[in-house]
Every structure is written in structure tokens, then in C-alpha cells.
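**Q** Pasting in a structure now, in C-alpha cells, and then I'll have a few things to ask.
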Amino acid sequence: MSRARAALALVLRLGLATLLAYAAIAKLRDPTTFAREIANYQLLPRFAPHFAVVVPAAELVAAIGLLLPSVSYRRASALLASGLFGAFLVAVTSVVVRGVNVECGCFGSGSGAIGPLTVVRNVALTLGALYLVFAERETPAPAGAAGRSSSEAGGETRPG
Amino acid sequence: MLPLVLRTVALFTLACVLGYAGNALRPDGVSLAPVEVAASCGGEAGAAVPTVLTVLAADAVQLLDAGDVLLLDARAPADYARGHVDRALHLPCASAAQELERAVEHAERVSVILVYGSDALDPRPMAEELALRLGGSARLSIVDGGYDALVAAGAAAESGLCETCGEGTP
């Protein structure tokens, strides 16, 4: 990965991890209000309590995963984050199209009403997370270098 | 690709387990029973609810033609999207607190405020909530018969989203 792409990926990872952690903590402060805000979207309202339980936890897991040293789990966390943002995008777009006036609930109570800018924000977040999924592909180590690396680290021994 | 998807599913499963376990352990956890919608109406406990008068649909249409009226539709979003009176703002009981505040600010600048519902939805809770916020109900009325009566009395109707709701509401 080029240095510019690596820097962009790092900035995105840190930014998304911070945003997801902040959003999760804000929701966890008052989960009952968050459940009511989800119900007000009037999209599957009977599942609102379950969404209120799962969404903050998924945001927190994704936030932590984005900071792990393992590229595999960073990519998986980015895919989880993009799934979350994509679901939020569908929900807020539905609200805007139907003209429903409800609180976003994105960052806990007092997040403000949903509008076109909310849709734009979620599009950007979804695209950012998807970029991380594809930008951080593991590159295979050059042949020969892997064997030297293993022996130097005292890892696996070659079969005799 | 498959390993990536499997890891993602594993992370999501972990999140579900942690979420439900954490919710069960905390004293203020979410009740998993279905949530009742309606946040903006209700007013303060013990507050004296002002009496909101009713106006006939024909009179309401004349007021609309005269101008300087704030018209509010308190029905469900699906009903509003299917058809609402021209220039009506959508303000159901499930409105965000900010939207209610914007409506109150707008209401303070007009001479007449009309709220309508339908046979299926009584607009009185929203009208009373507004009256509480405005400190009285002198300028506020409920349209008798709701949307259907207004249309029958000649009010222009339109369908679609509330263009002046959300961000940028006057």
C-alpha cells in the first residue's frame, strides 16, 4: 500500500473508531430513550428494544476492532461498521422520504431531527468504512523472506 | 472473501452476546417488550391542560384563504404522505423535540393555529401540547372532521414529504 493510502487508511480508522465509540457510549447512557427513538422511526417498531441493545454493542465492537493490530480483524470490523452505517442510511432515508419528524438518536438523546444532511453524513460514513475494507488487504510476504522471518523469530521450523 | 464475511459475522455475534448480557446486568437496561410510540405529547405531569376549541372545516378553509395561519397535521406519517392539506406541516406526537420547538416558534408569529387529524387519530393531544407550550389556546383550534372534512370543504391537498419539516423549518 502506498504511503498516502496508508496514511488515509490510518486517519479513517482512527476517525471512525472514535466516532463509533462516542456514538455507542452516548446511546448506552440512556438505552430506554434510544429504544423509543428507534421506535419513532416507525420501521419495525416492535424490534426497537432489540436494536437498542445490539446497535451500541456492535458500534463498540467495531470501534475496538478497527484499532486491532490484526489486519484481518480490522477489515472485518470495517465491514461491520459499513453494515451498521448502511442500515442507518436506509433508516434515515426512509424517514426523510416519508417526511417523519423524529430525533435521529445517532449520538444519544438531543441528536437533533433527521434531515437531508443526515443522509449525506451516513453516505460518507458508509463509503469511508467500505474504503477501509478494500484498502487494507493483506499483501503476501515475498517468497523466501517468510522462511527467514520465521527462523529469526524462533517460530516454526522447516520440516526436515 | 468468505473468511472476511465469517469474521464479520463472528464480530456481530459477539456484539449481540455482549449487548444482551450487558443489558441484562444493568439495572436500567432496556425492557424487551414492544415500545409505545409518542414522545412529544403528554405535557408535564400535573399541568393544567388548556381547553382547545374546535372550528368547523368550512371556517378553517376561510381562515386558510385569509392567510397568517399555521396549519399542522397530527396524523401518522403514512397518512400525511398519502395526502395532506397544502402548506400543512407534519407534527405528530412522535415529533422530535426540536421540531416541536420550531413549530412553537412559528406559532408565536402567526394569528391563527389550526391542527387537524383524522377519524383514526384525534389531534387533541398534540393541540393541547402546543397550547401548553404557547401558554394558552386562544389562537389555537382543532379542525372538526380532520383532513377529510377540510378537503370536502375545498381545501387544496397535496401528497408527498413535508418539505418544510426537519432542517430549515421556518
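From first to last, the protein sequence lines are chains U and H.
The numbering of the first sequence is my numbering, which starts it at 1 and goes up by one.
The numbering of the second sequence is my numbering, which starts it at 1001 and goes up by one.
For every residue, glycine included, the Cβ atom is placed at its ideal position computed from N, Cα and C.
1) Any contact between the stretch 1051-1060 of chain H and the stretch 1089-1107 of chain H? By contact I mean 3 or more CB pairs, one from each, below 8 Å.
2) If you follow the alpha helix (DSSP H) that H/T1051 is in, where does it begin and where does it stop?
3) Using beta carbons (cut-off 8 Å, strictly below), is H/A1157 in contact with chain U?
4) Return yes when the Cβ of H/R1007 is within less than 8 Å of the Cβ of U/S82, no when it is not.
5) Which of the residues in the stretch 60-88 of chain U, read from start to end, lie with their CB under 8 Å from any CB of chain H?
6) State the CB to CB distance for the pair H/L1134 and U/P49, rounded to an integer number of angstroms; the pair is presumed to be in contact (CB under 8 Å).
7) Does any C-beta atom of chain H lie closer than 8 Å to the C-beta of U/T93?
8) Is H/T1008 close to chain U, meaning its C-beta is less than 8 Å from at least one C-beta of that chain?
9) So who's on the other strand from H/V1115, going by DSSP bridges?
10) Starting from H/D1059, trace the alpha helix (DSSP H) in both directions and tell me its first and last residue.
11) Roughly how many angstroms lie between the CA atoms of U/V133 and H/E1101, to the nearest whole one?
12) Alpha carbon to alpha carbon, how far is H/G1022 from H/G1146? Give it in angstroms, no decimals.
13) Since I believe U/A135 is in contact with U/R36 (beta carbons under 8 Å), could you give me their beta-carbon distance rounded to a whole number of angstroms?
14) Just the chain U side, please: which residues come within less than 7 Å of H/A1015 by C-beta, in chain order?
15) Run through the DSSP bridge pairs and tell me what H/E1158 is partnered with.
**A** Reading it off the structure:
1) Taking a cut-off of 8 Å for Cβ pairs, the stretch 1051-1060 of chain H and the stretch 1089-1107 of chain H do not touch, as fewer than three such pairs fall below it.
2) H/T1051 -> no alpha helix (DSSP H), and no H or E assigned at all.
3) no
4) no
5) L60, V61, A62, G65, S72, Y73, R75, A76, S77, L79, L80 and G83
6) H/L1134 to U/P49, Cβ: 34 Å. No contact.
7) no
8) yes
9) Beta-bridge pairing links H/V1115 to H/L1072 and H/I1142.
10) A1057 to A1066
11) 41 Å
12) In this structure, the alpha-carbon of H/G1146 lies about 46 Å from that of H/G1022.
13) A Cβ-Cβ separation of about 38 Å leaves U/R36 out of contact with U/A135 under the 8 Å criterion.
14) Those within 7 Å of H/A1015 in chain U are V54, A57, A58 and V61.
15) H/H1084
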